[in-house]
Amino acid sequence: MKRTIYVAVAAVAAMTLTACSSGTDAAEPDTAPSTSILEAGQATPMIAQGVVIAKDAAIYKSSGLGPAAANKAAPTGSPESFIDTSQFPDAKLSPGVTITEAQGMAALAAIKENLEAQRLSLDDVITMRVFLDNAPGTDRADYAGWNRAYRQYFANTNLDTGDTELVPLGTAAPAAPLVRNPARPSRFALEVASLPVPGWLVEVEVDAVFPTVG
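FYI, in mature numbering (1 follows the signal peptide of the UniProt record, and there is no 0) the residues of the sequence shown are -26 to -1, 1 to 188.
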């Protein structure tokens, strides 16, 4: 699905982005089911400042989802047990990839599958809520690792040219993302004391809007 993107001054919809005045007035949304409001002058913004939703749009709200316990070689309930072995054979992480980054990619893959069961796609996501736990031995959630995982599935096109943006995996040179997706949802990401599944470091829930038919 393609949505028209308008630039406007808006309140920041994510805790990790600071609002700036763009000096332009908000454009009136068209018949698209949703319109992302983006800060002026950015070709590759990570998230929207907000999203306008058409009054008749049908919205799907996912439950909180995290990575699957795909690594049977790791102890049950350990963060390592939630590494996707199809992405990282033998659960061996690529250079610089953090456990949060690996779990983030697995959680977003679960979101993708959940949406597709409703005939939606990652491109239809308008809002995202992210909960992070800090990895064992650390005193802060790994926001950088999460953001690298996020760029593998979201906000990885250049708004000026339409080209796919290369994104890093760990410390490797930037390469093609796992899923090309122009969507910039509004988003927050915050650290929590714990998550409901032992070993989870990432839990994600999203809102998606059904495309206009016809």
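Think of the CB as a built atom: it goes at the ideal place given N, C-alpha and C, for glycine as much as any other residue. All figures in this text were calculated on a predicted structure; none of them were measured in a lab.
Going by beta-carbon coordinates alone, are residue i and residue j separated by less than 8 angstroms?
i: L143; j: R122; result: yes
i: L82; j: A76; result: no
i: F128; j: N155; result: yes
i: M79; j: V178; result: no
i: G119; j: T72; result: yes
i: F56; j: V104; result: no
i: L106; j: T74; result: yes
i: A146; j: P69; result: yes
i: A65; j: A84; result: no
i: R125; j: V141; result: yes
i: L175; j: A109; result: yes
i: V153; j: L96; result: yes
Looking only at DSSP bridge pairs, what is residue i linked to?
i: A182; result: Y34 and V99
i: S160; result: T101
i: G24; result: I11
i: E165; result: L106
i: E177; result: F105
i: V141; result: A149
i: T131; result: T138
Give the C-beta separation of residue i and residue j to the nearest angstrom, bearing in mind that I take them to be a contact with Cβ-Cβ under 8 angstroms.
i: P151; j: T138; result: 7 angstroms
i: residue 189; j: E54; result: What the structure shows of the chain is the stretch from -26 to 188, and residue 189 is not part of that stretch, so it cannot be assessed.
i: A32; j: S8; result: Incorrect: roughly 11 angstroms between the Cβ atoms, too far for contact.
Per DSSP, what kind of secondary structure is residue i in: helix, strand or coil?
i: A149; result: strand
i: E87; result: helix
i: T74; result: helix
i: L39; result: strand
i: P172; result: coil
i: G119; result: helix
i: P63; result: helix
i: S68; result: coil
i: G(-4); result: Only weak support is given to the placement of G(-4): the predicted model assigns it a pLDDT of 36, under 50, and the question is left unresolved by the model.
i: P53; result: helix
i: L82; result: helix
i: R154; result: coil
i: R114; result: coil
i: R93; result: coil
> Are there three or more Cβ pairs, one per stretch, closer than 8 angstroms when the stretch 166 to 183 is compared with the stretch 21 to 34?
Replying inline: yes
>> Check whether the stretch 166 to 175 and the stretch 32 to 47 touch, using three or more Cβ-Cβ pairs below 8 angstroms as the test.
In response: yes
> Any chance the stretch 9 to 26 sits against the stretch 116 to 134, with 3 or more Cβ pairs inside 8 angstroms?
Replying inline: yes
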